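Participant: In the working numbering, the protein residues as written are 62 to 438. Glycine residues also receive a C-beta, built at the ideal position from the N, C-alpha and C atoms. From a predicted model like this one, the values you see are computed outputs, not experimental measurements.
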Ligand code: GN1
Ligand code: MG
């Protein structure tokens with residue numbers, strides 16, 4: 062809990078006054094929400110009941126705050142009108158007396174707020190077959206609703222909020238730039254707390270580079286083929302379908318999809334793949350002990366089947382052909398992005414210790430191998 066006499070509490074209160082009628086700080090407590098690599102998040106609690114989820118948006122990552130927040134409202138209305146009963150989206154809160162969805166504070170930070178759902182919760186790692194299947198159905202249904210042409214629905218015209226977000230060609234280019242300006246060592250020792258029994262003792266950047274090199278043609282080819290198929294069948298995607306971006310209900314209510322910032326043009330396979338890479342992994346993305354990382358076949362298959370069930374009828378022959386590489390594609394691009402951020406001195410992702418991005422990157426490449434083994438039978 063953030064203490065009321067703390068200066069952070071005071072600045073958060075000043076933001077909340079713009080969202081909550083007759084805001085009385087005495088009735089509210091605020092808790093820091095530690096998940097997520099990009100924004101800073103807080104839970105706003107009214108007399109012991111969590112009411113809102115407040116976020117300071119990272120405006121270095123999302124350059125157009127108005128676009129991101131008005132997309133959210135557009136998507137909320139779009140899905141709400143469908144009354145599908147299968148999924149819902151987190152409801153945004155507007156500024157008092159206006160139709161604006163974000164607030165600039167006096168220090169130049171941008172804020173937005175959504176409702177908090179006490180009947181729902183997120184998982185950092187997948188606890189059960191049922192969770193994997195529920196998450197697959199939820200993200201698959203969202204993908205279906207974004208991509209099914211219908212005479213009853215005006216198509217959404219969403220522009221990219223981050224350019225070339227899931228382009229491996231672009232991410233490799235950024236990696237090469239980072240590599241050329243990196244002047245640190247190529248062997249980086251594990252931090253003392255990470256020196257576990259069967260772990261290696263250092264990260265070898267040359268080895269990571271070899272892994273990247275060995276798979277690059279496969280995924281560059283996949284990217285080109287998908288882009289060609291999107292000319293005929295343009296797709297929208299959530300683009301961040303990690304397990305913790307779906308809230309599941311403890312009371313049989315529809316799941317709630319959150320973190321809509323990157324809902325924009327993309328591929329259905331990105332959403333399938335991002336879900337697979339987080340749900341299939343037995344441990345958190347930044348587990349330091351590599352010997353604990355396994356692919357949970359049961360959860361992997363449960364998510365895949367539930368997701369594909371929702372979207373299979375939309376697939377183009379190209380999308381169909383690359384289904385088995387969806388998970389590997391996303392693990393590859395995440396490993397690449399984490400590594401690039403390390404080389405750039407960790408300016409993009411929030412880190413808790415200097416080698417955090419290397420641990421994340423190493424884990425994604427490990428997962429990539431496991432998923433490729435699965436794909437090759
Ligand atoms: C970031 O902040 P979070 O966890 O929702 C990132 C995703 C990555 C993810 C890696 C805008 O998402 O692309 O998948 O970290 N979001 C952005 O876990 O870069
Ligand atoms: Mg996100």
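Considering only residues of the same chain and omitting the five flanking positions on each side of residue 184, which have a CB-CB separation below 7 Å?
Facilitator: 192, 304 and 305
Participant: DSSP three-state call for residue 172: helix, strand or coil?
Facilitator: Reduced to three states, the DSSP call for residue 172 is strand.
Participant: Go through its chain and collect everything with a Cβ distance to residue 102's Cβ below 6 Å, but skip five positions before and after it.
Facilitator: 94 and 116
Participant: Starting from residue 126, follow the alpha helix (DSSP H) in both directions and report where the run begins and ends.
Facilitator: 126-143
Participant: Does DSSP classify residue 231 as helix, strand or coil?
Facilitator: helix
Participant: Quick one: what does DSSP say residue 184 is sitting in, helix, strand or coil?
Facilitator: coil
Participant: At a cut-off of 7 Å, would you count residue 122 as near the ligand GN1, judging by its Cβ distance to the nearest heavy atom?
Facilitator: yes
Participant: Identify every residue that forms a DSSP beta bridge with residue 90.
Facilitator: Note: residue 90 is bridge-paired with 106 in the DSSP secondary-structure output.
Participant: Compute the beta-carbon to beta-carbon distance between residue 410 and residue 252, rounded to the nearest angstrom, for a pair I have assumed lies under 8 Å.
Facilitator: Actually they do not touch by this definition, with Cβ atoms about 17 Å apart.
Participant: Tell me which residue opens and which closes the beta strand (DSSP E) that residue 250 is part of.
Facilitator: 248-250
Participant: Closer than 7 Å to a non-hydrogen atom of the ligand GN1 - does that hold for the CB of residue 99?
Facilitator: yes
Participant: If you run the structure through DSSP and keep just helix, strand and coil, what is residue 307?
Facilitator: strand
Participant: Nearer than 7 Å: is that true of the beta carbon of residue 346 relative to any heavy atom of the ligand GN1?
Facilitator: yes
Participant: Are there any heavy atoms of the ligand GN1 lying less than 7 Å away from the beta-carbon of residue 395, as far as the coordinates show?
Facilitator: yes
Participant: I want to check one thing, is the minimum distance from the CB of residue 134 to the heavy atoms of the ligand GN1 below 7 Å?
Facilitator: no
Participant: Check this for me: beta carbons of residue 70 and residue 99, under 8 Å apart or not?
Facilitator: no
Participant: Please find out if some non-hydrogen atom of the ligand GN1 comes closer than 7 Å to the beta-carbon of residue 125.
Facilitator: no
Participant: Compare the beta carbon distance of residue 206 and residue 159 with 8 Å and say whether it is the shorter of the two.
Facilitator: no
Participant: Please go through the same chain and pick out, in chain order, the residues whose beta-carbon is closer than 8 Å to the beta-carbon of residue 221, but skip the five residues on each side of it.
Facilitator: Excluding its 5 nearest sequence neighbours in each direction, residue 221 has C-beta neighbours in its own chain below 8 Å: 325 and 326, listed in chain order.
Participant: Drop a sphere of 10 angstroms on the beta-carbon of residue 301, count the other beta-carbons inside from all chains shown, and report buried for 16 or more, exposed for fewer.
Facilitator: buried
Participant: Residues in the same chain with beta-carbon distance under 6 Å from residue 343, minus the five sequence neighbours each way, listed in chain order, please.
Facilitator: Here the set comprises 355 and 357.
Participant: Could you tell me whether the Cβ atoms of residue 369 and residue 151 are closer together than 8 Å?
Facilitator: Between residue 369 and residue 151, the C-beta gap is not smaller than 8 Å, which leaves the two residues out of contact.
Participant: Residue range of the beta strand (DSSP E) that residue 368 falls in?
Facilitator: Counting along the chain, residue 368 falls outside any beta strand (DSSP E), though it belongs to the alpha helix (DSSP H) covering 358-372.
Participant: Quick check on the DSSP output: the beta strand (DSSP E) that includes residue 263 runs from which residue to which?
Facilitator: 263-265
Participant: So, helix, strand or coil for residue 393, using DSSP?
Facilitator: helix
Participant: When DSSP labels each residue in this structure, what does residue 253 get in the three-state scheme?
Facilitator: helix
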